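Peer 1:
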Amino acid sequence: MERDLMQPGSVEHRSRSREEDNLSIRNEIGNMHDCIVVGGGPAGLTASIYLSRYHLKVLVIDDGKSRAETIPLSFNLAGYPNGIRGRELLRRMRAQARRFGVKFSFGTVTQLAKSGAAFLVRSDGFSASSRCVLLATGVVNRQPKMPKTLHRIALQKGLIRYCPICDGYEVTDKQIAVIGTGDRGTDEAVFLRSFSRSITLVAAGPQHELLDADLDRLDQHGISVIEGPITLFSLTNGGLSLSLHAQSLFFEAVYPALGSIVRSELAAGLEARLNVDGCVEVDSHQRTSVQGLYAAGDLVIGLDQISNALGQGGVAATAIRNDLALQAPLMR
Ligand SMILES: Cc1cc2nc3c(=O)[nH]c(=O)nc-3n(C[C@H](O)[C@H](O)[C@H](O)COP(=O)(O)OP(=O)(O)OC[C@H]3O[C@@H](n4cnc5c(N)ncnc54)[C@H](O)[C@@H]3O)c2cc1C
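For the sequence shown, the positions run 155 to 486 when the working numbering is used.
#1: Rounded C-beta distance between L412 and A358? I'm assuming under 8 angstroms.
#2: Assuming R207 is part of the alpha helix (DSSP H), what are its boundary residues?
#3: Roughly how far, in whole angstroms, is the beta-carbon of L398 from the beta-carbon of I380, given that I think they are within contact range, below 8 angstroms?
#4: Should the segment 343-350 be called in touch with the segment 246-266, which here means at least 3 C-beta pairs below 8 angstroms?
#5: Would you mind stating whether L213 and A251 have Cβ atoms separated by less than 8 angstroms?
#6: I225 to T472, Cα distance in whole Å?
#7: With a CB to CB cut of under 7 angstroms and the five nearest residues on each side skipped, what residues in its chain are close to L372?
#8: Among residues of its own chain, excluding the 5 on either side of V97, which ones have a beta-carbon nearer than 6 angstroms to its beta-carbon?
#9: So who's on the other strand from Y316, going by DSSP bridges?
#10: With DSSP run on the structure shown, which of helix, strand or coil describes Q459?
#11: Which residue or residues does DSSP assign as beta-bridge partners of M485?
#12: Return the Cβ separation of R296 and S414 in integer angstroms, given the expectation that the two are a contact with Cβ distance under 8 angstroms.
#13: Return helix, strand or coil for M155, following the three-state DSSP convention.
#14: Who are the Cβ neighbours of G336 in its own chain at under 6 angstroms, not counting the five residues just before and after it?
Below, the structure written as structure tokens:
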């Protein structure tokens with residue numbers, strides 16, 4: 155078992171309530187931050203650790219919906235041979251950030267504006283200004299139509315999964331359903347075929363929308379295709395049963411492939427360049443098309459993975475430090 159280095163009483167262990175955090179931030183309003191990080195997932199937290207260790211004044215504003223929070227146990231993050239829960243990873247990262255002086259505020263950033271060279275950030279009940287802003291607001295997966303509690307339980311049990319790259323290994327040789335259709339559904343089903351010979355592509359709506367080329371690929375890979383809609387999901391015998399028409403089909407793992415919503419609305423509000431899917435476009439240093447605005451993690455096009463979010467967070471923070479130093483020398 156992995157030893158937890160964060161012993162009670164250590165700086166890392168001390169945790170503060172959201173109310174305490176928000177109160178201390180409200181007392182500081184008016185002060186200019188070097189960087190406000192919007193989003194406290196792996197990308198934003200990594201950036202905040204780097205920025206605070208560059209002796210910069212950093213505020214993280216987060217509304218607590220990190221995709222990482224929902225990971226039951228991740229086995230593909232290097233350094234955790236026994237896996238790590240997403241919630242525990244975030245807890246450790248927040249503790250590390252606090253240790254170096256990062257301030258947190260819990261709430262949604264509803265408005266982001268530029269005033270001269272500075273940014274004005276408005277969150278629930280307060281506003282703050284900053285010399286630059288890093289957006290690390292992630293994406294939200296579209297979920298199948300099913301009761302929220304059942305979805306949460308199935309996710310925690312690993313019966314519903316959203317990331318074949320992350321956890322396809324864990325469902326090796328299991329009976330797997332992919333909910334989706336078209337290119338996206340076909341790609342995900344074909345990807346999962348290298349983990350199991352039992353893959354079924356189920357339409358979320360009444361009928362599939364598959365081109366002949368999709369049908370050929372599915373056929374070549376021996377993937378079953380079933381029309382929807384799914385009228386009921388139920389937990390049975392350690393798996394998930396889907397009721398379709400007159401039949402009920404049992405699966406050991408279900409992957410919704412229904413796409414995601416990119417949380418790039420703040421970037422769009424500043425007219426930063428987005429791609430056709432709504433992802434924020436950045437240069438190789440995570441700079442957006444708006445000066446002083448940076449982006450990292452899932453909301454940027456690329457591999458939606460923690461390792462990528464960590465890397466982009468580090469790159470963004472270092473670019474921010476160097477860009478700020480060009481405006482006014484950073485000297486101790
Ligand atoms: C079920 C599941 C399992 C996964 N398993 C793995 C795995 O094993 N390995 C792996 O590498 N990856 C895994 N992933 C993917 C991984 O979770 C993401 O790639 C990672 O969380 C991306 O980090 P991020 O910081 O970009 O975004 P997120 O972690 O999603 O964080 C974004 C944060 O921004 C906040 N936010 C958004 N908008 C605002 C706003 N306007 N104001 C304030 N806050 C805002 C959100 O609340 C959230 O806290 C998994 C994902 C899912 C859903």
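C-beta: ideal position from N, C-alpha, C; glycine also. Quick caveat, the model's predicted, so the values are computed rather than measured.
Peer 2: Straight from the coordinates:
#1: That pair is a contact at about 6 angstroms.
#2: DSSP places R207 inside the alpha helix (DSSP H), whose first and last residues are P196 to R207.
#3: Between L398 and I380 a beta carbon distance of about 6 angstroms is seen, short of the 8 angstroms cut, so the two are scored as contacting.
#4: Cβ pair count under 8 angstroms is below three, so no.
#5: No, the pair does not count as a contact, with Cβ atoms beyond the cut-off.
#6: Taking the straight line from one Cα to the other gives about 28 angstroms.
#7: Take L372, set aside five residues on each side of it, and the residues of its chain with a beta-carbon closer than 7 angstroms to its own are T340, A343, L355 and V379, in chain order.
#8: Residue 97 lies beyond the range of the chain shown here (155 to 486); nothing can be said about it.
#9: Bridge partners of Y316: none, in fact.
#10: Note: Q459 maps to coil in three-state DSSP.
#11: For M485, DSSP records no beta bridge to any residue.
#12: With 8 angstroms as the limit, R296 and S414 qualify as a contact, their Cβ atoms being about 6 angstroms apart.
#13: Unreliable placement is indicated for M155, whose pLDDT of 30 sits below 50; the coordinate value is still reported in the next sentence. The answer is coil: DSSP assigns M155 none of H, G, I, E or B.
#14: If we look at G336 and ignore the five residues flanking it on each side, its Cβ neighbours are E363.
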